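Participant: Heads up: the sequence shown begins at 1 in this note's numbering, then just goes up one per residue.
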Amino acid sequence: MEELLSQIITPEVRMAVTVIVVFIAILYVISIIWVIRDSYLRGSNPVIWGIISLVPFLGAFVYAMMRPPMLLSDKDEQALDFALKQRELMKYGECARCGYPVEREYLMCPRCGTQLKNECKKCGHALNPEWTVCPFCCTSAGRRRSSQSSKK
Ligand SMILES: [Zn+2]
Ligand SMILES: [Zn+2]
């Protein structure tokens, strides 16, 4: 029996086994590093996941199944994108009082009711308080600005 074993386990086989073991050990270490780094990037707790990943391979596998689906930086980007898009939709500035995004044609802030623009007496278009003439129908905008300031 021992003779048979020594016949099977030649130095070459021993060498091959060592290489495989080292390879698996390296994979194991990489899997732990990956889990810690990835959980950190995804806003998860890297300490807890690092401990879980100490279970050889199973830990990293469990993490791969349960990790948060989005990277933190992606999340930030998405929030920024969303805010930008919202601003695009509600173009042309924001309410001076509450900062709510408002459109060019708004006469009043939909959130706090502050008067934003004057209304043309003739055609009803929204006019900037600075405008003296309505650019849509050429009617004089008159002194409607004073009514805004007296309201305040
Ligand atoms: Zn407002
Ligand atoms: Zn007009």
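Note that CB positions come from ideal geometry on N, CA and C, so glycine has one too.
The model shown is predicted, which means the values in this text are computed figures rather than measured ones.
So, is L116 buried or exposed, given that buried needs 16 or more other C-beta atoms within 10 angstroms?
Facilitator: Buried, since its Cβ has 16 or more Cβ neighbours within 10 Å.
Participant: Which residues neighbour ligand 2 when neighbourhood means a C-beta less than 6 Å away from any of its non-hydrogen atoms? List them by chain order.
Facilitator: Every residue whose beta carbon comes nearer than 6 Å to a heavy atom of ligand 2 appears here in chain order: C120, K122, C123, H125, C134, F136, C137, T139.
Participant: Return the CA-CA distance between R14 and I20, expressed in angstroms with no decimal places.
Facilitator: 10 Å
Participant: Out of G50, P110, A79, L80, which has the shortest C-alpha to C-alpha gap to E94?
Facilitator: P110
Participant: Does the beta-carbon of C137 have 16 or more other beta-carbons within 10 angstroms, so that it is buried, or is it exposed?
Facilitator: Looking at its Cβ environment, which holds fewer than 16 other Cβ atoms inside 10 Å, C137 is exposed.
Participant: Buried or exposed: where does V133 fall if 16 or more other Cβ atoms within 10 Å of its Cβ makes it buried?
Facilitator: Burial call: exposed.
Participant: Going by DSSP in three states, V102 sits in which element: helix, strand or coil?
Facilitator: Looking at V102 - three-state DSSP - the assignment turns out to be coil, as it is neither helix nor strand.
Participant: Please classify G113 as buried or exposed, where buried requires at least 16 neighbouring CB atoms within 10 angstroms.
Facilitator: Answer is exposed; the Cβ neighbour count stays below 16.
Participant: Would the beta-carbon of V35 fall within 8 Å of that of A60?
Facilitator: yes
Participant: Spatial neighbours of V102 within its chain, please: CB distance less than 8 Å, with the 5 preceding and 5 following residues excluded, ordered by chain position.
Facilitator: M90, Y92, G93, E94, C95, C109, P110, L116
Participant: Considering only heavy atoms of ligand 1, does any lie closer than 7 Å to the CB of T114?
Facilitator: Remark: the shortest separation between the CB of T114 and any heavy atom of ligand 1 falls under 7 Å.
Participant: Taking the alpha-carbon of R104 as reference, which of S44, L127, K122, C120 has the nearest alpha-carbon?
Facilitator: L127
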